[in-house]
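Input: a single structure, listed below in structure tokens.
Numbering (our numbering), first residue to last: 58 to 321.
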């Protein structure tokens, strides 16, 4: 079966609106030349291009699985953009981020998901827990849910902390990588349908689909990685990790189920 993976649009950033200082990487709301607002993730922030890669892969995998994710775009930042910024810290960030960054469509009027206020059904909770187990996403906890309630639907944001192994590439190709952080997942208690979700999601995330998603990563984000001799090897490593992870999904599904049993 052939799966269509949409290409990401490219926009030019025209106006820095306001920083979102609750984010560790100092994202910001910015306006682009298409007149839309975006939450801008900067290549010059603390985790650099790796956070953008994780954001791109995580968001597009979630979208492929049918979960709600704001549109992701490539956002170009001109070298002159930060010159009128008065805040020196922000000015330095903008200067370090000239070139290709990542933006997520700003969901105006959305509110942060509160698990005490909004209940998530078992199917959706299981889908999100499966996704975060698959991607090794450490950042979907009660303290920081990284989910928004918008137009009566749950939207997933901020996957920049996923795929954390790529900050060192140590043992990245282990077929069964433990993910103990799943015990802290905000939706784990409701995730009673993991086995059924695993079967459905394995059928969606074919090798063809994984390759199509990883192919979206710009070459310039894959340069200067000492663990690999070429951009091609670097890209293939992401593909191999995701393919190996999906092949061994029973391991992380059981890990999540055991963590859930301990929790409830």
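Note that CB positions come from ideal geometry on N, CA and C, so glycine has one too.
On a Cα-Cα basis, can you pick out the residue from 197, 268 and 292 that is closest to residue 21? A question about residue 21 goes unanswered here, because the residues of the chain that appear run from 58 up to 321.
The segment 238 to 254 / the segment 184 to 203 touching (three or more Cβ pairs under 8 Å): yes
In chain order, what residues of the same chain have a beta carbon less than 6 Å from the beta carbon of residue 91, not counting five sequence neighbours either side? 68
Does any residue of chain C have a CB that is nearer than 7 Å to the CB of residue 67? The chain labelled as chain C is not found in the depicted structure, where only one protein chain is given.
According to DSSP, residues forming a beta bridge with residue 132: 68 and 158
Which full runs of the alpha helix (DSSP H) of 4+ residues lie inside the segment 89 to 124, going along the chain? 105 to 121
Local Cβ density within 10 Å of residue 3, reported as buried at 16 or more and exposed below that: The requested residue 3 is not part of the displayed model; the chain covers only 58 to 321.
For the beta strand (DSSP E) that contains residue 213, what are its first and last residues? 210 to 213
What did DSSP end up calling residue 76 once you bin it into helix, strand or coil? strand
I'd like the span of the beta strand (DSSP E) that includes residue 206, first residue to last. 204 to 207
Is it true that the segment 203 to 216 meets the segment 274 to 291, where meeting means three or more beta-carbon pairs spaced less than 8 Å apart? no
Grab the span of the alpha helix (DSSP H) containing residue 184 for me, first residue to last. 179 to 192
Are the beta-carbon atoms of residue 266 and residue 121 separated by less than 7 Å? yes
Nearest-angstrom Cα distance between residue 25 and residue 94? This structure gives no information on residue 25, because the portion of the chain shown stretches from 58 to 321.
Any idea which residues DSSP pairs residue 242 with across the strands? 198
Buried or exposed: where does residue 58 fall if 16 or more other Cβ atoms within 10 Å of its Cβ makes it buried? Confidence is the limiting factor: at residue 58 the pLDDT is only 42, short of 50, which leaves the residue's position unreliable and the question unanswerable from this model.
Is it buried or exposed, residue 158, if we count other Cβ atoms within 10 angstroms and call 16 or more buried? buried
Tell me the DSSP secondary structure of residue 87 in three-state form. strand
Go ahead and label residue 303 buried or exposed: buried means 16 or more other beta carbons lie within 10 angstroms of its beta carbon, across all protein chains shown. buried
According to the neighbour-count rule (16 or more other Cβ atoms, all chains shown, within 10 Å of its Cβ), is residue 315 buried or exposed? exposed
For residue 189, which of 299, 77 and 75 has the nearest alpha-carbon? 299
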